[in-house]
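Asks: Just so we're aligned: 230 in this note's numbering is position 230 of the first sequence, and the numbers increase by one with no gaps anywhere.
Backbone N, C-alpha and C fix where the C-beta goes; we use that ideal spot for every residue, glycine too.
This is the structure, below, for whatever I ask next.
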Amino acid sequence: MASKYQAPRGTFDVLPADARARRRVEATAAEICARAGYEPIATPAFEDTALFERGVGRSTDIVRKEMFTFEDKGGRSITLRPEGTAPICRAYVEHGMHKLAQPVKLCYGGPFFRHERPQAGRYRQFHQLGIEAIGTDSPLADAEAIMLLAELLAELGVPGVELRLGSLGSPGARSAYLEELKAHLRAHEADLSKEVRERIELNPLRAFDADDEGTRGVMASAPTIVERLQGEDAEHFAEVRELLEAAGVGFEIDPTLVRGLDYYTRTIFSFVCAELGAQSEVGGGGRYDGLIEQLGGPPTPAIGWAAGIERILLALGEQPEQAGRDAFLAVADPGQRRRALALAGELRHAGLTAEVDLAGRGLKGQLKHADRIGARRVLILEADGSAQLRDMRSGEQSPVDTASLIEAIGGERP
RNA sequence: GCGGCCAUAGUUCAACGGUAGAACUUCGCGUUGUGGUCGCGACAAUGAGGGUUCGAUUCCCUCUGGUCGCCCCA
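What follows is the structure, encoded as structure tokens:
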């Protein structure tokens with residue numbers, strides 16, 4: 001074994017058995033997005049490194065240590081995209097999409113890259129589906145986006161999904177809150193765990209997730225950002241909640257919800273699946289009202305989310321479905337091969353799945369192969385030009401006229 | 001980036017420091033033209049590199065990869 005070459009660390013091959021389930025996820029997402037008026041967009045797999053530094057934020061883990069960055073032959077710093085929102089905002093600005101009818105509603109999917117230690121549900125090349133609604137700050141857009149992800153996960157049948165909802169407020173309110181929280185943590189520094197103490201300045205919100213008793217005691221009396229929301233921020237969040245309730249989307253307010261990207265403002269949310277282990281988020285996102293402007297466009301509010309295809313597949317579990325074939329065209333005599341291929345062409349043209357023997361097997365081998373690939377019928381072409389149609393499930397076999405083959409095979413599809 | 005566990009046919013598992021076995025899969029055969037079940041047979045492996053030893057799949061080290069957790073996120 002041990003082939004000389006293997007897929008690079010954190011990457012994987014999608015084999016045919018997995019590809020079917022994967023396609024179903026992609027097709028379901030495309031349909032749900034299309035029904036809600038989100039139109040497909042695709043951006044390059046790599047961008048200027050500066051786009052992510054500015055968009056995602058220099059202090060984020062993604063930018064600090066997870067990007068695949070290299071210099072191209074022209075001396076430019078290039079980065080394989082670690083996420084999809086910044087590139088789409090770049091495209092929005094670059095193509096003057098603010099002149100289109102607002103909001104611009106977009107959906108996308110494809111590979112993303114982060115240099116992390118691989119783990120269950122975490123890869124270095126992974127795939128996301130996502131949507132962005134750019135050009136409106138209405139809570140309706142937030143609710144609609146969340147509903148679509150909820151619908152996608154429900155329609156796919158992802159089990160044990162929970163929606164966590166939070167709000168970061170506007171940037172001003174957020175930084176004021178963070179100062180208040182840091183002050184609270186510093187005041188109780190002695191009771192905190194070492195990890196939390198070291199992260200007070202870097203990421204104080206993480207203290208809410210700590211396991212140790214000391215930190216938990218301190219956090220019980222800590223202020224939460226949701227409590228501190230004021231004015232329009234508070235109204236906005238209240239409206240999002242009402243809209244979701246009215247739409248029958250269940251959620252849980254998580255005042256400690258954190259996102260690792262700097263561009264989020266106001267609404268943030270996360271769909272988690274308890275059955276998934278450490279990497280339990282199947283999808284998440286939020287509002288990013290300042291990003292477009294940050295990237296040089298006009299001030300433009302927006303919201304979006306991304307869902308991880310691998311995590312969805314993982315949550316769905318193994319479902320090895322054999323593709324099956326409507327018909328296999330066997331030949332009793334090699335002289336019939338030409339006719340078999342021609343007939344297969346006709347069946348395929350009629351929308352049926354049909355295969356012929358490509359390995360030069362004998363009749364016995366052809367039957368066996370037909371069984372293995374899940375053919376429901378086998379047409380046996382006789383040397384004299386006549387034909388037999390065999391039902392592989394019942395074993396019944398009778399002569400057929402190849403002129404009416406399509407009806408004979410297509411008639412009783414399960 | 002940090003820690004734990006792991007690495008044998010395509011796959012799932014065996015082998016006191018002493019001849020690497022099995023099951024499933026694949027392919028072939030079980031007379032002359034018919035799959036599944038059954039029987040027989042064949043192909044096929046110690047991740048890589050060092051070390052200890054008369055001898056290493058087994059013990060030690062390094063690397064590579066996987067896996068789980070931390071961190072973070074999809």
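Assuming Ile-225 contacts Leu-168 (C-beta within less than 8 angstroms), just tell me the rounded distance between them.
Replies: 6 angstroms
Asks: Roughly how many whole angstroms lie between the Cα atoms of Arg-413 and Ala-387?
Replies: In this prediction, Arg-413 scores a pLDDT of 47, lower than 50, which makes its location untrustworthy; no coordinate-derived value is stated.
Asks: Helix, strand or coil for Leu-316 per DSSP?
Replies: helix
Asks: Threshold first: 4 residues or longer. Then list the alpha helix (DSSP H) segments lying entirely within the region 84-112, N to C.
Replies: 85-94
Asks: Evaluate contact between the region 30-42 and the region 106-120, counting only Cβ atoms and requiring at least three cross-stretch pairs below 8 angstroms.
Replies: yes
Asks: Name the DSSP bridge partner or partners of Glu-39?
Replies: Leu-106
Asks: I need the straight-line Cα distance from Gly-374 to Asp-391, nearest angstrom please.
Replies: When the Cα atoms are used, Gly-374 and Asp-391 turn out to be separated by approximately 12 angstroms.
Asks: Determine which residues share a DSSP beta bridge with Pro-399 and list them.
Replies: Gln-388
Asks: Could you check how far apart the C-beta atoms of Gly-351 and Ala-383 are, in whole angstroms? I think they sit under 8 angstroms.
Replies: At roughly 30 angstroms, the Cβ-Cβ gap does not stay under 8 angstroms, so Gly-351 and Ala-383 are not in contact.
Asks: Helix, strand or coil: which one does DSSP assign to Arg-125?
Replies: One detail in the question is off: residue 125 reads as Gln in this sequence, not Arg. Gln-125 falls in the strand class under three-state DSSP.
Asks: Exposed or buried, which one is Leu-100 when buried takes at least 16 other CB atoms within 10 Å?
Replies: exposed
Asks: Quick one, are the C-beta atoms of Ile-312 and Val-25 less than 8 angstroms apart?
Replies: yes
Asks: Which residues mark the beginning and the end of the alpha helix (DSSP H) in which Arg-64 is found?
Replies: Here the alpha helix (DSSP H) through Arg-64 covers 61-65.
Asks: Using the Cβ count rule (16 or more neighbours within 10 Å means buried), how would you classify Ile-253?
Replies: exposed
Asks: Which same chain residues end up closer than 6 angstroms to Glu-162 when comparing Cβ atoms and leaving out the 5 residues on each side of it in sequence?
Replies: Val-272
Asks: Any idea what DSSP makes of Asp-371, helix, strand or coil?
Replies: helix
Asks: Can you tell which of Gln-6, Leu-178, Arg-58 and Met-97 has the C-alpha that lies nearest to the C-alpha of Val-433?
Replies: Nothing can be reported for residue 433: it is not among the residues displayed for the chain, which extend from 1 to 414.
Asks: Roughly how many whole angstroms lie between the Cα atoms of Leu-140 and Ser-193?
Replies: 41 angstroms
Asks: By Cβ distance, which residues of its chain are closer than 8 angstroms to Gly-157, with the 5 residues on each side in sequence left out?
Replies: So the list reads Leu-316, once near-sequence residues are dropped.
Asks: How is the alpha helix (DSSP H) around Phe-237 delimited, first residue to last?
Replies: 231-246
Asks: Tell me the residue span of the alpha helix (DSSP H) that contains Ser-175.
Replies: 171-187
Asks: Can you tell me the Cα-Cα spacing of Ala-173 and Tyr-264, whole angstroms?
Replies: 13 angstroms
Asks: For Glu-293, which of helix, strand or coil comes out of DSSP?
Replies: helix
Asks: Name the residue from Thr-79, Thr-300, Gln-294 and Asp-262 whose alpha carbon lies nearest to the alpha carbon of Ser-175.
Replies: Distances from the alpha-carbon of Ser-175 to those of Thr-79, Thr-300, Gln-294 and Asp-262 put Asp-262 closest.
Asks: Mind checking who Phe-269 pairs with in its DSSP beta bridge?
Replies: Leu-165 and Gly-285
Asks: Taking all protein chains shown into account, decide if Tyr-5 is buried (16 or more other Cβ within 10 angstroms of its Cβ) or exposed.
Replies: exposed
Asks: For Glu-252, write down the residues that DSSP places opposite it in a beta bridge.
Replies: Arg-164
Asks: Are the region 243-250 and the region 140-149 touching, with three or more C-beta to C-beta distances below 8 angstroms?
Replies: As far as the Cβ criterion goes, the region 243-250 touches the region 140-149, which means the pair count is three or higher.
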